[in-house]
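When we follow our numbering, the leftmost residue of the sequence shown carries the number 197, and every step to the right adds one. Think of the CB as a built atom: it goes at the ideal place given N, C-alpha and C, for glycine as much as any other residue.
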Amino acid sequence: MGSPVTLSVIKADVGGYVGHSRVHPEMLAKAEELLQQQRGKLLIDSTVLVCGDDIDLVMTHERGNDHPAIHQLAWDTLTAAADIAHRLKMYGAGQDLQADAFSGNVKGMGPGVAEMTFIERPSEPILIFCADKCAPGAWNLPLYKMFADPMNSPGLVIDTKMNQGATFEVFDAVEGKSLKLNTPEEVYLLLTFIGSTGRYLIKNIYMRFCNDVAATGSVQRLKDVAGRYIGKDDPVLVVRGQAGFPALGEITEAFTLGHTTAGWMRGSHQGPLMPCSFDTARPVRFDGPPRVICAGFQLAHGKLLGPVDIFDNPAFDRTRARCNAVADYLRAHGVFEPHRLHPEEMEYTTLPEVQKQVAHRWESEDKLPSKVGAGVGGDFD
Ligand code: F6R
Ligand code: MG
Ligand code: MG
């Protein structure tokens, strides 16, 4: 058995080109360069992905999850890209870097993090999903489909390993605690939580036949770090595939609905999550619709062979067309729910500031004339 390898994906929006739609090539080149300098030192291998205005750093190494040196490298790399963004007057330069100095772990400092450590299998297919204009709860539905829904993943019925089920680790983003639930026997319980995508986030999934990690999503929420809306979380997700884990096609099938997610314009709207090629992951219509790219790799001795642009495929044309139709339909609601998010989510945006203007003009219902009449009627009690 070989020694464990760690796959770390650390991401942030440190400046948009143009507006919130893309990342300037100079920023990406700097990120690539800084990670490449560490190959053979801190890192085994690295690559830089981009989805919308987010830079996604992909690193393999042998130091395990949450290692300070790896997190420092990611922080320094994102800071260097932010410096370029400032110099070029990119939009929202440095936006997601919410601390003045690095303090051991980028979690809680703005960036999103998905890390997993495992022994590389004889062949190790890996899919990395990066999203923009979207919240981390967006992974709940596709992860449920991949790992617990036999109508999506026939391996759950047909394959002797997948058939043993999975363990879902669910993170309660409000209480800051986690719960492990086993499928298939606890699938209904699982759904009671993960259907609430704003609060319960799937953090890790383990295959029960081997107790090995199969999927890891970033669960950081920017509003919890900044205390206000500064941009949507735009999460990342890593999924290992094949040989008793969901097949590549079962993993991608889970994205064919074009399901809705919180995000889109001003992080305040529901919109369809559109699977896109690397080139078309530029959210421009109403700052969206929310996008997801899928980068495929074969991991070989820690080396990332790839990326293959998985969604650059006509098989996803119908999903994209549906997303456009759903976008039209939702947009027709203007500022009305359910296109606009419910009030709890809007609390973190700039909307309450606007509403404050008339705060003093609200009258208590007791003082309204109709209530006075009701009081008279009360004499019959
Ligand atoms: C979404 C996002 C954008 C901005 C919008 C307004 O995550 O970042 O939709 O919220 O473009 O941006 P400002 O207020 O910076 O002009
Ligand atoms: Mg942005
Ligand atoms: Mg973004």
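(request) State the Cα-Cα distance for the pair residue 370 and residue 450, rounded to the nearest angstrom. (result) Approximately 27 angstroms, taken between the alpha carbons.
(message) As an exercise, report each continuous beta strand (DSSP E) stretch of at least 3 residues that is fully enclosed by the stretch 243-309, in chain order.
(response) 250-257
(request) Taking 8 angstroms as the threshold, find out whether the stretch 310-321 comes into contact with the stretch 436-452 through three or more Cβ pairs. (result) yes
(request) Answer yes or no: the CB of residue 497 versus the heavy atoms of ligand 3, is any distance below 7 angstroms? (result) no
(request) Alpha carbon to alpha carbon, how far is residue 365 from residue 377? Give it in angstroms, no decimals. (result) 7 angstroms
(message) Considering only heavy atoms of ligand 2, does any lie closer than 7 angstroms to the CB of residue 429?
(response) no
(message) Looking at the secondary structure, which residues open and close the beta strand (DSSP E) in which residue 502 lies?
(response) 499-505
(request) Kindly indicate which three-state DSSP category residue 595 falls into: helix, strand or coil? (result) The question about residue 595 has no answer, for the chain in this structure spans 197 to 577.
(message) I'd like the span of the beta strand (DSSP E) that includes residue 378, first residue to last.
(response) 373-379
(request) Return the chain-ordered list of same chain residues with a C-beta closer than 7 angstroms to the C-beta of residue 238, the five sequence neighbours on each side being excluded. (result) Leaving aside the five residues that flank residue 238 on each side, the residues in its chain whose CB is nearer than 7 angstroms to its CB run, in chain order, 257, 265, 266, 269.
(message) Rounded to whole angstroms, what is the Cα-Cα separation between residue 518 and residue 510?
(response) Cα atoms of residue 518 and residue 510: separation of roughly 14 angstroms, rounded to the nearest angstrom.
(message) On the DSSP letters alone, give me the boundaries of the beta strand (DSSP E) that residue 412 sits inside.
(response) 408-413
(message) Quick check on residue 273 - is its C-beta less than 8 angstroms from some C-beta in chain C?
(response) Annotation note: the requested chain C is absent from the structure, which comprises a single protein chain.
(request) Starting from the C-beta of residue 358, find all residues in its chain whose C-beta is less than 8 angstroms away, skip the five residues before and the five after it, and write them out in chain order. (result) 349, 351, 352, 403, 405, 440, 441, 442
(message) Let's test the definition: count the other Cβ atoms within 10 Å of the Cβ of residue 292 and tell me whether it reaches 16, buried, or not, exposed.
(response) buried
(request) State yes or no: is the C-beta of residue 290 nearer than 7 angstroms to some heavy atom of ligand 2? (result) no
(message) Check whether the stretch 521-538 and the stretch 459-467 touch, using three or more Cβ-Cβ pairs below 8 angstroms as the test.
(response) yes
(request) Helix, strand or coil for residue 573, going by three-state DSSP, please let me know. (result) Note that residue 573 has pLDDT 49, beneath the 50 cutoff, so the model's placement of it is unreliable and the number below is only indicative. Correct three-state label for residue 573: helix.
(message) Measuring only from the beta carbon, is residue 212 closer than 7 angstroms to any heavy atom that is part of ligand 2?
(response) yes
(request) With a threshold of 16 other CB atoms inside 10 Å of the CB of residue 497, please say whether the residue is buried or exposed. (result) Taking a 10 Å sphere around the C-beta of residue 497, we find fewer than 16 other C-beta atoms and assign the residue as exposed.
(message) My assumption, with CB atoms under 8 angstroms, is that residue 332 sits in contact with residue 436. Please give the rounded CB distance.
(response) The beta-carbon separation of residue 332 and residue 436, rounded to 19 angstroms, does not stay under the 8 angstroms limit for a contact.
(request) Identify whether residue 359 lies in helix, strand or coil by the three-state DSSP scheme. (result) helix
(request) Confirm the yes/no value for this check: CB of residue 419, any heavy atom of ligand 1, distance under 7 angstroms. (result) no
(message) Could you compute how far the alpha carbon of residue 372 sits from the alpha carbon of residue 432?
(response) 19 angstroms
(message) Can you list, in chain order, the residues of its chain with a C-beta nearer than 8 angstroms to that of residue 438? Leave out the 5 residues immediately preceding and following it.
(response) 319, 321, 444
(request) Report yes if the C-beta distance between residue 218 and residue 249 is below 8 angstroms; otherwise report no. (result) yes
(message) Closest to residue 302 by C-alpha separation, out of 560, 261, 474, would be which residue?
(response) 261
(message) I want to check one thing, is the minimum distance from the CB of residue 250 to the heavy atoms of ligand 1 below 7 angstroms?
(response) Between ligand 1 and the CB of residue 250, the shortest heavy atom gap is not smaller than 7 angstroms.
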